[in-house]
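Taking it in order: structure first as structure tokens, then the write-up.
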Amino acid sequence: MTLAAGSCPNGHVSYPTHPRCPECGEPQDETVDLSDRTAEVVTWTTSTATPPGVREPNTLAIVEFDVSDLDAEDEFVRALGQVTTDDVESGDAVEPVYVEELRDPDVGLKRETQASQDWDGYRWDPV
Amino acid sequence: MGVAVIGASMTKFGQRDAWIQELLSQAGEECLDDAGVTPDDVEHLYVSNMASGEFQGQTGVMNALAHDLGVLPAYSERVDQTSSSGGAGIYEAWQSVASGASDMTLLVGGEKMTHKTTGQATDIIASITHPTEYKHGVTLPSFAGMTARHYLERFDAPRESLARVAVKNHRNGVDNPNAQFQKEIDVETALESPIIADPLRLYDFCPITDGSAAMLFTTEERAAEIADEYAVVSGIGGATDTHVVHERDDPTVMGGVVESSEEAYEMAGLGPDDLDVAELHDMFTILEFLQLEGIGVADQGTAWELAMDGETAKDGSLPVNTSGGLKSKGHPLGASGVAQGVEIYEQLVGEAGPRQVEADVGLACNVGGFGNCVITTVMEAAE
Chain P
12 MTLAAGSCPN GHVSYPTHPR CPECGEPQDE TVDLSDRTAE VVTWTTSTAT
62 PPGVREPNTL AIVEFDVSDL DAEDEFVRAL GQVTTDDVES GDAVEPVYVE
112 ELRDPDVGLK RETQASQDWD GYRWDPV
Chain V
37 MGVAVIGASM TKFGQRDAWI QELLSQAGEE CLDDAGVTPD DVEHLYVSNM
87 ASGEFQGQTG VMNALAHDLG VLPAYSERVD QTSSSGGAGI YEAWQSVASG
137 ASDMTLLVGG EKMTHKTTGQ ATDIIASITH PTEYKHGVTL PSFAGMTARH
187 YLERFDAPRE SLARVAVKNH RNGVDNPNAQ FQKEIDVETA LESPIIADPL
237 RLYDFCPITD GSAAMLFTTE ERAAEIADEY AVVSGIGGAT DTHVVHERDD
287 PTVMGGVVES SEEAYEMAGL GPDDLDVAEL HDMFTILEFL QLEGIGVADQ
337 GTAWELAMDG ETAKDGSLPV NTSGGLKSKG HPLGASGVAQ GVEIYEQLVG
387 EAGPRQVEAD VGLACNVGGF GNCVITTVME AAE
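So the protein lines, in turn, are chains P and V.
Each residue of the first sequence is one higher than the last, beginning at 12 in my numbering.
Each residue of the second sequence is one higher than the last, beginning at 37 in my numbering.
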């Protein structure tokens, strides 16, 4: 399992990947694994009104990975995900930790079409 | 070709026993009656609706409504642009008349939601997100919480300024007999209400709502012949921003609001200083700030000052959400953008009753998703 960002020939990086680069329209022909990097919390929330199958409360954060070492045009790429704890602040350093199931796909709107996507992924764990 | 609005209506918003087809029919009939136009005059019918299939298990609502209203064989179409379906309906209706394809276009927006639990409704709405976001349980309110935190921290804005938006819009809603809530609240109540998506609390969010709203469009020439009072759609713009919210360059800038309002202003030959009244998409209190900045009324990071100073109140320099906004009027997804247009129309033709302000130019900004799709409409009173 990787936390794959996409990059295009012009050095733009996005998470998640897209068939075409959102910045310039070129095909994204490479991926960058973010799972072994650390990131910084840009902002976060603790949501107490969660849909069926989602943990409650659900703390989420937008984090920013430094990818300046890739020699790409973009120096940072952002990602959104669950946080392992409710104790988080903007500016905190976090690292991705793998989770087999982020929400219960057997309930909720996508229960009959749950095979249309995967349900594992990464949570942000304060370093 | 100039496009005029010659009639408008909305049903009572709130928890309704009526299902989607009946809600749409009610607003549609009242709108035709308001304009004094018979069903056989209608050439195009647009129905703004996000999710009647997901909410109620009924699809094809444009056909159902066309038959119920007796507008056959009018061209009919359902317009879905999530929360901005209503604004997109105004865009479609404007296009149909401006292009000459239709001389008389009826737009009806509606949604039936309250029979679902809050969790189920939240899930349906959250299904607009990217699968990599959806699996984390992200909801639209959680986007609002993250954006509000970033805004408050970055611009050193007081938490109270968001509460002021809720207090103002609840105050305005008292004068709207069709609003879901006709009840004033104070700042303390808003600040002490339960946390929904930290730092945002219950009163930072619009409710889940059933309801419908309608507008009737024709050419300016025909409006001048058959209508006593009418308004003109002088500018309209629509724009799309990223599907994945965190991929935007600046979390506090709604690019779709900026782009669509620039387009609308340019078409109208007007700017933010010309506005007399505005309806903004206050699905969450923070959105009122982001839109005031996006449409050029305030500089980035300063719209909270307008809320603190009362500038956006009914007696302020630019009254915002005189209808009560989504916050107090309610937010039946597909109806909301149409209901914004209804309020601006009523303000411009002098039919807003106790909510009336002096207005020759009004703007409505309808936001889909978390700024994913945006329609901005500028309307003017007919001369």
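Ideal placement from N, C-alpha and C gives every residue a C-beta, glycine not left out.
In this text the structure is predicted, and so the values were computed from the model without any measurement.
- Contact check for L384(V) against M415(V) passes: the beta carbons are separated by less than 9 Å.
- Interface annotation, D240(V): not in contact with chain P, CB-CB separation never under 9 Å.
- Two segments are said to touch when three or more pairs of C-beta atoms, one from each, lie closer than 8 Å; by this definition the region 138 to 146 of chain V touches the region 247 to 262 of chain V.
- Taking a Cβ-Cβ cut-off of 8 Å, the neighbours of S178(V) in chain P comprise T56, S58, N69 and L71, given in sequence order.
- With a threshold of 16 other beta carbon atoms within 10 Å, E324(V) meets it and is buried.
- Contact fails between the region 206 to 217 of chain V and the region 23 to 38 of chain P, because fewer than three Cβ pairs, one in each stretch, are under 8 Å apart.
- Counting C-beta pairs with one atom in each stretch, the region 272 to 292 of chain V and the region 306 to 316 of chain V have fewer than three that are closer than 8 Å, which means they do not touch.
- The three-state secondary structure of I221(V), taken from DSSP, is coil.
- Counted as a single uninterrupted DSSP element, the stretch harbouring A418(V) is not any alpha helix (DSSP H), since DSSP gives it neither H nor E.
- With a threshold of 9 Å between beta carbons, T13(P) makes no contact with chain V.
- Look at R195(V) here: in three-state DSSP terms it is helix.
- Bounds of any beta strand (DSSP E) do not take in F325(V); it lies within the alpha helix (DSSP H) bounded by T321 to G330.
- Shown here, T95(P) sits in coil according to DSSP, grouped into three states, outside any helix or strand.
- When DSSP states are grouped into helix, strand and coil, Q131(V) belongs to the helix group.
- Short of 6 Å from the beta carbon of G407(V), and not among the five residues preceding or following it, lie these beta carbons of its own chain, in chain order: D277, M290 and G292.
- Distances from the CA of M319(V) to each of S84(V), I244(V), S197(V) and L362(V) were compared; the closest alpha carbon is that of L362(V).
- The three-state secondary structure of I164(V), taken from DSSP, is coil.
- Contact between F241(V) and P167(V) does not hold, since their C-beta atoms are separated by about 25 Å, which reaches or exceeds 8 Å.
- Residue pairing of H80(V) in beta bridges, as defined by DSSP: Y111(V) and T141(V).
- Judged by DSSP in its simplified three-state form, V378(V) adopts helix.
- In this structure V108(P) is exposed. Its beta-carbon is surrounded by fewer than 16 other beta-carbon atoms within 10 angstroms.
- Per DSSP, reduced to three states, the secondary structure at A126(P) is helical.
- Not a single CB atom of chain V sits nearer than 9 Å to the CB of S79(P).
- At a cut-off of 9 Å between C-beta atoms, V280(V) counts as an interface residue with respect to chain P.
- Between I221(V) and M344(V), the alpha-carbon positions lie close to 16 Å from each other.
- A check of alpha carbon separations from S372(V) across T118(V), K219(V), S163(V) and E382(V) identifies T118(V) as the nearest.
- DSSP places E90(V) inside the alpha helix (DSSP H), whose first and last residues are S88 to Q92.
- Contact between the region 83 to 102 of chain P and the region 191 to 210 of chain V is absent: fewer than 3 CB-CB pairs across the two stretches fall below 8 Å.
- In the same chain as Y26(P), and ignoring 5 residues on each side of it, the C-beta atoms closer than 6 Å to its own belong to A16, V88 and A90, in chain order.
- Under the three-state reduction of DSSP output, P368(V) falls in the coil class, being neither helix nor strand.
- By the neighbour-count criterion, in which 16 or more other beta carbons inside 10 Å mark a residue as buried, G132(P) falls on the buried side.
- For a Cβ distance threshold of 9 Å, nothing in chain V lies close to T95(P): the least Cβ distance comes to about 12 Å.
- Taken in chain order, the whole beta strand (DSSP E) runs of length 3 or more contained in the region 246 to 323 of chain V are 247 to 255, 267 to 276 and 313 to 316.
- Non-local beta-carbon contacts of G106(V) in its own chain, meaning distances under 8 Å to residues more than five positions away in sequence, involve P75 and D76 in chain order.
- Residue environment analysis places E228(V) among the exposed positions, since fewer than 16 neighbouring C-beta atoms fall within 10 angstroms of its C-beta.
- Not one beta carbon of chain P lies nearer than 9 Å to the beta carbon of S135(V).
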